[in-house]
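Participant:
Numbering (this note's numbering), first residue to last: 2 to 113.
What follows is the structure, encoded as structure tokens:
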């Protein structure tokens with residue numbers, strides 16, 4: 002798995018072998034941190050990022066590299082999820098509380 006592909010055919014073969022060897026464990030890793038449904042998409046994205054990023058065997062084995070990509074994608078997913086929940090919370094906020102908060106904000110900007 003650590004031999005870099007030299008041709009397009011080699012790259013395809015290398016990706017197929019890497020995918021077959023590591024897909025189940027990458028999927029389980031993500032599913033333990035998020036959910037199985039999300040893991041399907043993110044595990045696929047791990048290999049997409051891996052193909053685009055290029056693997057340099059001088060930096061080590063492929064497995065830790067894939068786990069690093071997975072870890073970054075899990076963190077990115079969590080940040081996006083927090084932003085979505087915060088946005089949803091703002092839209093679901095009662096009208097009176099929103100108006101009060103705006104008045105207070107305006108008053109503090111005017112120095113009252």
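Each residue gets a CB set at the ideal place from its N, CA and C atoms; glycine is no exception.
1) Counting beta carbon pairs with one atom in the stretch 30-50 and one in the stretch 75-91, are three or more of them shorter than 8 angstroms?
2) Here's the rule I'm using: 16 or more other beta-carbon atoms within 10 Å means buried, otherwise exposed. How should residue 44 be labelled?
3) Whose CA, out of 42, 70 and 74, lies closest to the CA of residue 55?
4) With DSSP run on the structure shown, which of helix, strand or coil describes residue 56?
5) Distance, Cα to Cα, residue 67 vs residue 100?
Facilitator: Walking through what the data contain:
1) Result yes; three or more Cβ-Cβ pairs closer than 8 angstroms.
2) Residue 44 comes out buried.
3) The candidate whose alpha carbon is nearest that of residue 55 is 70.
4) Coil, per DSSP.
5) When rounded, the distance between both Cα atoms is 48 angstroms.
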